[in-house]
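Structure first, then comments.
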Amino acid sequence: MNTSDFQAVTTKLVEVFKKYGREEKYTDGQIIFIRNEAAKNLYYIESGLIRVYLPYPDGTERTLCYFPGNTIIGEDVFTCPSLRIVCTSSLATTHVYKLSADNLISQATENKELIRGILSFFMYKITLLHSWIFYAQFQRNEEKLACLLYTLSLSNPSIHLSHHQLASVTGMSRITATRILNSFAKKGLISVQYKKTKILNQDKLRYIFKDKGFY
Numbered sequence: 178m179n180t181s182d183f184q185a186v187t188t189k190l191v192e193v194f195k196k197y198g199r200e201e202k203y204t205d206g207q208i209i210f211i212r213n214e215a216a217k218n219l220y221y222i223e224s225g226l227i228r229v230y231l232p233y234p235d236g237t238e239r240t241l242c243y244f245p246g247n248t249i250i251g252e253d254v255f256t257c258p259s260l261r262i263v264c265t266s267s268l269a270t271t272h273v274y275k276l277s278a279d280n281l282i283s284q285a286t287e288n289k290e291l292i293r294g295i296l297s298f299f300m301y302k303i304t305l306l307h308s309w310i311f312y313a314q315f316q317r318n319e320e321k322l323a324c325l326l327y328t329l330s331l332s333n334p335s336i337h338l339s340h341h342q343l344a345s346v347t348g349m350s351r352i353t354a355t356r357i358l359n360s361f362a363k364k365g366l367i368s369v370q371y372k373k374t375k376i377l378n379q380d381k382l383r384y385i386f387k388d389k390g391f392y
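Using my numbering, you'd call the opening residue of the sequence shown number 178 and step up by one each time.
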């Protein structure tokens, strides 16, 4: 599957969020929405980084994933009943445009291009979330991290996550994640910078988990 097959957010979809949505700014650590509260709005992330997680009764939290700029969160507004299924908070200064589901649907009924954009985005999100569930099967941490990096690179070859953040999503320690990333870098698969990993060779990265790929 080609990177060009993935369209995270179409230009038309961004235009609707900016024209009809409300611009908001969140500081580092600020909660955006919490699990089980009523879901009414979607959020287009213009810039920043948002953490998606689940809280446990003992006070601990499980990080599920991170979403950078140029994507949308909050699609649980379309569930029935419309309740949040996860918690989210910003990990840096984050700018978003908040738009109600009713407003988005109202605009979509008058614009077929916008409908295609919405469906394209949801197909992208389903595939992305599918892959995050999928890599949990791997017993080798190298396969797990390679699958995650490959999947994230389909929408952007530059991944703006720290070693600690990549480790928390994959369930390994930061030390283990750093060791594997450094080994990938020595093989020329990626380049590693501060809070940034750039994918240099998608095919060789995919080869690491090739027998278990679903793409």
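Idealized CB from N, CA, C, for every residue including glycine.
ask   = According to the neighbour-count rule (16 or more other Cβ atoms, all chains shown, within 10 Å of its Cβ), is Ser224 buried or exposed?
value = exposed
key: Reduced DSSP category for Lys364 - H, G, I as helix; E, B as strand; rest coil   = coil
request  = Ignore the nearest five residues each way along the sequence and tell me which others in His340's own chain have a CB closer than 8 angstroms to its CB.
outcome  = Arg351, Ala354, Thr355, Leu358
inquiry  = Using a Cβ distance threshold of 8 angstroms, determine whether the region 210-228 contacts the region 249-258, with at least three qualifying pairs required.
reply    = yes
Limits of the unbroken alpha helix (DSSP H) element including Glu223 = Segment 218-224 is the beta strand (DSSP E) holding Glu223; no alpha helix (DSSP H) there.
task = Identify whether Glu214 lies in helix, strand or coil by the three-state DSSP scheme.
result = coil
query = How is the beta strand (DSSP E) around Ser267 delimited, first residue to last?
reply = 264-267
inquiry  = My output table needs one value for Cys324: the three-state DSSP class, helix, strand or coil.
reply    = helix
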